[in-house]
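Numbering (our numbering), first residue to last: 10 to 109.
We put the CB at the ideal spot given by N, CA and C, even for glycine.
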Amino acid sequence: LQDIAIFKGGALRSLSFLRRNPDWFMLHIEDAVLDDLDDLIPADTRRRNVCLSGCTVGDASALERVNLTELLILMPEGSSDRARWQQIPCVKFGYFEYRI
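Rendered as structure tokens:
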């Protein structure tokens, strides 16, 4: 699998399944609640695309060690997370808020 999309991921608490698939290129996760993103870190330097939609993430610092081409963050209207996510190094960054 290179493109992984998880919708209705409210029960997702870990990304450890990514360890078995280090070849992923695009990852889209919706509505997950994650303590951290440590399992996102691949062993290589290939470029990756990540989209987190409505996710609650405790520690996002692992993204600083991933070679990101694109990082998209979609959050409910009124969220105040833009500054936090904007600090993650990537080629293209997008932060969008949506109405519930």
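Near residue i, which residues of its chain fall below 8 Å by C-beta distance, leaving aside the five closest residues on each side in sequence?
i: Pro98; result: Glu73 and Leu77
i: Lys17; result: Glu39 and Asp40
i: Arg28; result: Asp48
i: Ala69; result: Asp45, Leu46, Arg93, Trp94 and Ile97
i: Asp53; result: Pro31
i: Gly87; result: Glu106
Which whole-angstrom value describes the C-beta separation of residue i and residue j, a residue pair presumed to lie in contact below a C-beta threshold of 8 Å?
i: Asp45; j: Gly19; result: At roughly 18 Å, the Cβ-Cβ gap does not stay under 8 Å, so Asp45 and Gly19 are not in contact.
So, for residue i: in the same chain, excluding its five sequence neighbours on each side, which residues have a beta-carbon less than 7 Å away from its beta-carbon?
i: Val66; result: Leu43 and Leu46
i: Asp12; result: Phe34 and Met35
i: Ile50; result: Ala71, Arg74 and Val75
i: Met84; result: Gly63, Asp90 and Glu106
If you drop the 5 nearest sequence neighbours on each side, which residues of the same chain put their C-beta closer than 6 Å to that of residue i?
i: Asn58; result: Met35, Thr78 and Glu79
i: His37; result: Ala14 and Cys60
i: Arg56; result: Asn76 and Thr78
i: Leu21; result: Ala41
i: Phe102; result: Leu80
Go ahead and label residue i buried or exposed: buried means 16 or more other beta carbons lie within 10 angstroms of its beta carbon, across all protein chains shown.
i: Ile82; result: buried
i: Leu24; result: buried
Verify the CB distance criterion: does residue i have a CB-CB separation below 7 Å to chain D?
i: Gln95; result: Absent from the structure: chain D. Only one protein chain is present.
Quiz item: Could you give the uninterrupted runs of the beta strand (DSSP E) lying entirely in the stretch 34 to 106, keeping only those of 3 residues or more?
Solution: For the stretch 34 to 106, whole beta strand (DSSP E) runs of length 3 or above, ordered along the chain, are 35 to 39, 42 to 45, 57 to 62, 65 to 68 and 77 to 85.
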